[in-house]
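Q:
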Ligand SMILES: [Zn+2]
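Residue numbers (our numbering): 1477 to 1966.
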């Protein structure tokens, strides 16, 4: 079988990429899908297991209600029709990390169908809407660990039975860029919904792609291949480019595409066919005899819909309206729910959204980046940051002093007023104190003072600088300027 050739744009230009994506999303539940074991990531191997998720004879699954609610939330946010009746099915296959010998999933009667997701605009500013085929509930398998022991594979079943949803899109994506945009919007939506940790490194998001190529203008779908083993969104984009280019090369030389599974090799930047054993499936699906049909009442479905958290697109629209943010600020400040909440709390308490945005995007994000911390663990509370911004607005601390106060707030967690006072950073604006500093500087620089009085206006800045220095940065520069002007009768 051919390896992926280098991208041949001349050939590829004549073809169109057609992609559908399947995303597996680990739901943020406390326990597993069908037993009471913890669903937490990162425990010692096999500590979170019980007869149900080990697949011991006689153990019976009991469906986790929280998993159903999170799945329904996701389905609603993707504008799906949620079925009042859906059926769990067994998907039978043998694999060492699948102790039951089957996975409980949903097959011909899934939880939800026929949704859509808006993923932004193409370069010609036409909106792009991707249809969602289905959203269904299933359980995860365990993990085979090939790197723990030299000559053997170890099995960790902590993940076996953890609840997932699979979100399947229609083949509506037309480029790797489309695919990247879809994945990013979907990930952000799921994060805003609070249904998943959306952490790719910990495996709570996994993506497979179905891709085919066809001549531009053709409306029939070509033969597709499935690309697996991509562990980042940019990996998905690169894998699609590689597979598309391979398909274009074959089509252009008159060969046919064989429907098969390809594996992405990120280290070598290429796709290669999975061994036929990895690809050939006869899952012999049948309804899960140990679980009744999942029946959801219309009332309950409406209730869940009503309580959906604000979605990214709605938050963006509201931030534009309430805080008059520009597109660049919006992108940053709505990039996560927690950051958006933080900004909003500061903006509301302080009143000046622009100042709040500047501080959150500048000092706050800068600090988080430097200390590699998340906003969830950030020490400065919104109320204290807005308190600091109030001090700046009221002329009680200068902008540069505010940065020192902020640094101290991160260290000590103290309130800005306390710190400014303790560290002598409160701005001095009373005429007596300012007058003393002005007198001192004037008497130290008699020649410049004469020239300034004689009309050399540009020396005013020099004097302000010297007075600021004399006051150790505490003089209110606005008042200093006024006093200087008064003294020369300006
Ligand atoms: Zn269990």
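Glycine included, every Cβ here is placed at the ideal spot set by N, Cα and C.
Return the CA-CA distance between residue 1549 and residue 1854, expressed in angstroms with no decimal places.
A: So the two alpha carbons sit approximately 29 angstroms from each other.
Q: Could you tell me if residue 1554 is buried or exposed, where buried requires 16 or more neighbouring beta carbons within 10 angstroms of its beta carbon?
A: Buried, because 16 or more other Cβ atoms sit within 10 Å of the Cβ of residue 1554.
Q: Just list the alpha helix (DSSP H) runs in the stretch 1489-1539, keeping only unbroken ones of 4 residues or longer that don't cross its boundaries, in chain order.
A: Segments of the alpha helix (DSSP H) lying fully in the stretch 1489-1539: 1527-1530.
Q: Quick one: what does DSSP say residue 1945 is sitting in, helix, strand or coil?
A: Helix at residue 1945.
Q: Among 1909, 1674, 1610, 1788, which has the Cα closest to the Cα of residue 1956?
A: Closest option to residue 1956, Cα to Cα, is 1909.
Q: Can you tell me whether DSSP reads residue 1625 as helix, strand or coil?
A: Residue 1625 falls in the coil class under three-state DSSP.
Q: For a test of your reading of the model: does the CB of residue 1508 fall under 7 angstroms from any non-hydrogen atom of ligand 1? Yes or no.
A: The answer is yes for residue 1508.
Q: Can you pull every residue whose C-beta falls closer than 5 angstroms to some heavy atom of ligand 1, listed in chain order?
A: The answer, residue by residue, is 1511, 1513, 1526, 1528, 1529.
Q: Have a look at 1711, 1688, 1761, 1693 and flag the residue whose alpha-carbon is nearest the alpha-carbon of residue 1701.
A: The shortest Cα separation from residue 1701 among 1711, 1688, 1761, 1693 belongs to 1688.
Q: Look at the alpha carbon of residue 1649 and the alpha carbon of residue 1557, and state the distance between them as a whole number of angstroms.
A: Approximately 21 angstroms, taken between the alpha carbons.
Q: Kindly provide the ranges of any alpha helix (DSSP H) runs that are 4 or more residues long and lie completely inside the stretch 1756-1825, ordered along the chain.
A: Segments of the alpha helix (DSSP H) lying fully in the stretch 1756-1825: 1774-1782, 1788-1799, 1803-1809.
Q: Using C-beta distances below 8 angstroms, list every residue in its chain close to residue 1596, excluding the 5 sequence neighbours before and after it, in chain order.
A: 1603, 1604, 1657, 1661.
Q: Compute the Euclidean distance between the alpha carbons of residue 1882 and residue 1846, then round it to the nearest angstrom.
A: Each residue's alpha carbon lies about 15 angstroms from the other.
Q: When you compare only the Cα positions, how much space is there between residue 1862 and residue 1673?
A: Whole-angstrom Cα-Cα distance: 29 angstroms.
Q: For the candidate residues 1748, 1707, 1860, whose alpha-carbon lies nearest to that of residue 1677?
A: Checking every option, the nearest Cα to that of residue 1677 belongs to 1707.
Q: Out of 1663, 1560, 1800, point me to the one whose CA is closest to residue 1770's CA.
A: For the residues 1663, 1560, 1800, the minimum Cα distance to residue 1770 belongs to 1560.
Q: Here's a check: name, in chain order, each residue in its chain whose Cβ is nearer than 7 angstroms to the Cβ of residue 1949, leaving out the five neighbours to either side.
A: So the list reads 1874, 1876, 1877, once near-sequence residues are dropped.
Q: Say whether the stretch 1808-1826 touches the stretch 1775-1793, bearing in mind that this needs 3 or more beta-carbon pairs closer than 8 angstroms, one atom from each stretch.
A: Judged by Cβ distances under 8 angstroms, the stretch 1808-1826 makes contact with the stretch 1775-1793, as three or more pairs qualify.
Q: Which runs of the alpha helix (DSSP H), 4 residues or longer, sit entirely within the stretch 1844-1905?
A: With a minimum length of 4 residues, the continuous alpha helix (DSSP H) runs that stay inside the stretch 1844-1905 are 1858-1869, 1875-1888, 1892-1898.
Q: State the DSSP-derived secondary structure class of residue 1750, mapped to helix, strand or coil.
A: Note: residue 1750 maps to coil in three-state DSSP.
Q: Tell me, which residues are paired with residue 1582 by DSSP?
A: In the DSSP output, where bridge partners are listed per residue, residue 1582 has 1564.
Q: Taking the straight line between their C-alpha atoms, what separation do you get for residue 1495 and residue 1642?
A: C-alpha separation (whole angstroms): 17 angstroms.
Q: How about residue 1638 and residue 1515: are their beta carbons less than 8 angstroms apart?
A: The answer is yes: Cβ separation under 8 angstroms.
Q: DSSP three-state call for residue 1745: helix, strand or coil?
A: Residue state, collapsed to three classes: coil.
Q: Rounded to a whole number of angstroms, what is the C-alpha to C-alpha distance between residue 1577 and residue 1779?
A: The straight-line gap from Cα to Cα measures roughly 37 angstroms.
Q: Is it buried or exposed, residue 1715, if we count other Cβ atoms within 10 angstroms and call 16 or more buried?
A: Result: buried.
Q: Comparing C-alpha positions only, which one of 1586, 1520, 1668, 1718 sits nearest to residue 1633?
A: Among 1586, 1520, 1668, 1718, the Cα nearest to that of residue 1633 belongs to 1520.
Q: Output yes or no for whether 8 angstroms exceeds the beta carbon distance between residue 1630 and residue 1573.
A: Against a cut-off of 8 angstroms, the Cβ pair of residue 1573 and residue 1630 comes out as no contact.
Q: Among 1902, 1627, 1512, which residue has its Cα nearest to the Cα of residue 1529?
A: Cα-wise, what sits closest to residue 1529 is 1512.
Q: Please return the same chain residues whose Cβ sits closer than 6 angstroms to the Cβ of residue 1664, not counting the five positions on each side in sequence.
A: These residues qualify, in order along the chain: 1788.
Q: Which runs of the alpha helix (DSSP H) spanning at least 4 residues fall entirely within the stretch 1631-1682, listed in chain order?
A: Runs found: 1652-1669.
Q: Using the beta-carbon count (16 or more within 10 Å), is residue 1912 buried or exposed?
A: By the neighbour-count rule (16 or more Cβ atoms within 10 Å), residue 1912 is not buried but exposed.
Q: According to DSSP, residue 1594 sits in a beta bridge with which residue or residues?
A: Per DSSP, 1605.
Q: When you compare only the Cα positions, how much space is there between residue 1585 and residue 1539?
A: Going by the C-alpha atoms only, they are around 17 angstroms apart.
Q: Rounding to the nearest angstrom, what Cα-Cα distance links residue 1828 and residue 1801 in this structure?
A: Rounded to the nearest angstrom, the two C-alpha atoms are 12 angstroms apart.
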